[in-house]
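Residue numbers (the numbering used here): 15 to 866. Note that CB positions come from ideal geometry on N, CA and C, so glycine has one too.
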């Protein structure tokens, strides 16, 4: 029988690389085309990464997306033009007989792109081969009346994909380098022949006396033609079709500007009779230099873009490419993408762990600093979890793979960084609106410039009209506008990844800088998250090691968390525990037992009073512990009061400096916790926390966040537990401690991999630096165009006799993009408020240094 059909959430995010975009107007056009595809609910195109991030509400044909991009005048790389052939393994629930199997197989084979589908009733799984999206397959199964879940699929960015992308970018840079060199070599004689005649006395006469001016024009024509239609052909292939579609872009500006100068020069050279007297001049050098300089700008952009994604390259570089897997009694080295969950993998000294797993034999110390930020290697023994990308030290061990491919922690980190780098910030909205109309507006300004100079300009009016119109077209390139935001985001989020701060959502990069209050959970955020022995004060005549071993021996019989903390303390001091007998637990009071012939009693003050022990000797210590929010316990050995003990959740070593750093950034710090008020207030006083909200349930934390918003403004909440997830979602920005629960991390906007509060001031400072950098870029891009378009149009000529040559316009245009990219790359040198020793990353022994 069929299982009932259930509704299925088909919303998902797709990524599609785009080729041929050169400016912000290209971005707007591609986004508009993709949003028009049925099923696509959102499209964000990033000029710097050259990728489109698509949100869909239903399965979307890959071919439809590719067609939309091509119809807009751009390309999808050949390797992505068709969805990659994949092997999917789907778990199916609800099948009861062979007819169910046939029904599911028929439904699967009807999905476009599926080449083979095999359903197994015994295992209740389907194996699908072909170029198909998982969502489409699962939708078909759901529509057939069964429930489906992906068991295995290739996901995430792997080394092979990254290498392929890097090779392609390198090939593009090599092509640009070659074309620029060709253009520069061919342009140099043109520039010398024409501009030399105007700038250097005697050159004009020398040319006239040797080859002659007409022959000079013929030579310029030949060389310029080669420049425009060999290395410069890219501008016409892209720009002219875009113009014909009434969707001009930056290539269109270059194409029209250079062809106008070239066409005018052709007429002046070969048919001068068509031009009015006094206007017969050639501008071959302007056309050639424009193309050469813009090729130079493209080359510099390509190199700078490569540097903006170095963080991803370094993260991917942490992934192992092969693994030694035990198969049929022997060990074989296999590509990492063939390893499956459950495989047994051997790891040798000095190697990176290839996949997430659990140790099943051997032991070794592993450097986990890339994940936790802790520089001290961690001992891994039987049963210990290990993470892909971490570095084994001197031992050898074997692990059972628990997460492979895109499911590993490292792959998830890479995916988070990629998604953040490809995101679009709210600040970009204005840029998008402006740039969609910018290029058509520039054409309008150029046409008005031409008409105004032709009608009002001095003789030769046609020459002035042409030169100034071309200058307007060339100088108004919107490349800088399109690159202003995404390049800063890429470098900023990449720098954050290096500092252990992962922005899961790009919007957080903008909103975090506006936070006025940082609200923090206590347990696991300010503190270590587990009880530990913090105080052991002895009565006269007692030895610490002896008392601790006796108390730990008794507490080892108890299941109470406080008991575990005392036992752990004894283990850390390598104390052996004596034999215990006659153990008795008195609920709510304490415990008692016989140890080595001595009676040992442990409990609160009321238990000691009941047993006849006077605790006044420890009254001063008890008062101090109470003020610190600790509940003291007492221990009596042989009917004599021996010690006062306190167990508490200790504050992390990095917390005080982190709180101070937040105060130095001008922020208020609030603590929201479910713990009792006395403990919370004691910790708040020790740390200098401004406000305390204690004894609240998860919904109470949400109410507290809302109240802080109303009272102070934007709130950033930091937490690590399941009970923090609602508050993380309710805050303007949620920051999850990376060592916390998956639910907390999913609810957060930012993940702090260090596992401590030290990442919060670093994240806020990085947010401020990145948004400041974006504003600098946008100011430069907009102010530059606003100021220079009128200059190019000739606004200064009536007052000062100043005109902007198209050659200088081309140079200035290239400079604008290079400036924006160079400014964004300054974020790579961002200095975090909390730095490590010798200025190293905050992944070492942290200390507070003044913020720059």
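Within the region 324-387, the runs of beta strand (DSSP E) at least 3 residues long that lie entirely inside it are, in chain order, 336-341, 344-349, 358-361, 370-376 and 378-381. By the Cβ rule, the region 499-514 counts as touching the region 830-839, because three or more pairs are nearer than 8 Å.
Residue state for residue 31 is assigned as strand, using DSSP reduced to three classes. Residue 151 places its beta carbon less than 8 Å from that of residue 125.
Counting only runs of 3+ residues, the beta strand (DSSP E) found wholly inside the region 541-575 occupies 546-552, in chain order. In terms of CA proximity to residue 427, 516 leads the group 391, 516 and 406. With a cutoff of 8 Å on beta-carbon distance, residue 54 and residue 45 are scored as not near each other. Judged by pairs of C-beta atoms under 8 Å, the region 663-674 touches the region 537-555, as three or more such pairs exist. By the Cβ-count criterion, residue 494 is buried, with 16 or more other Cβ atoms from all chains shown falling within 10 Å of its own Cβ. Spatial neighbours of residue 783 in its own chain (CB-CB distance under 6 Å, excluding positions within 5 residues in sequence) are listed in chain order as 844. Collapsing the DSSP output to three states places residue 683 in a strand. Measuring C-alpha to C-alpha distances from residue 632 to each of 648, 642 and 673 identifies 648 as the nearest. Boundaries for residue 748: no alpha helix (DSSP H) harbours it, while the beta strand (DSSP E) harbouring it runs 747-751, taken from the DSSP string. Counting the other Cβ atoms within 10 Å of the Cβ of residue 473 gives fewer than 16, which makes it exposed. The Cβ neighbour count for residue 763, taken over all protein chains shown within 10 Å, is at least 16; the residue is labelled buried. Here residue 234 is buried, its C-beta having at least 16 other C-beta atoms within 10 Å. Scanning 658, 574, 528 and 279 for the CA closest to the CA of residue 561 turns up 658. When secondary structure is reduced to three states using DSSP, residue 791 falls in the helix class. Taken through DSSP and simplified to helix, strand or coil, residue 160 comes out as coil. Between residue 776 and residue 685, the gap from beta carbon to beta carbon reaches 8 Å or more. Within the model, the alpha-carbon separation for residue 454 versus residue 464 is close to 15 Å.
For the options 830, 740 and 377, the alpha carbon positioned closest to that of residue 363 is the one of 377.
Three or more beta-carbon pairs drawn from the region 296-307 and the region 233-248 are found closer than 8 Å, and the two stretches are therefore classed as touching.
Between residue 39 and residue 486, the alpha-carbon positions lie close to 17 Å from each other. Each of 470, 287, 569 and 420 was checked against the Cα of residue 600, and the nearest Cα belongs to 569. When the Cα atoms are used, residue 351 and residue 65 turn out to be separated by approximately 24 Å. Taking 8 Å as the upper bound for CB-CB distance, residue 265 and residue 253 are in contact here, some 3 Å apart.
Under the DSSP assignment, residue 411 falls in the beta strand (DSSP E) whose first and last residues are 411-417. Here the alpha carbons of residue 483 and residue 88 stand approximately 27 Å from one another. Here residue 157 is exposed, its C-beta having fewer than 16 other C-beta atoms within 10 Å. Under the criterion of beta carbons closer than 8 Å, residue 535 and residue 738 qualify as touching, at roughly 5 Å.
Nearest neighbour of residue 641 by Cα position, chosen from 42, 694, 726 and 575, turns out to be 694.
Of the other Cβ atoms in all chains shown, 16 or more fall within 10 Å of the Cβ of residue 194; this residue is therefore buried.
A Cβ-Cβ contact shorter than 8 Å links residue 563 with residue 589. Note that the C-beta distance between residue 509 and residue 780 is below 8 Å.
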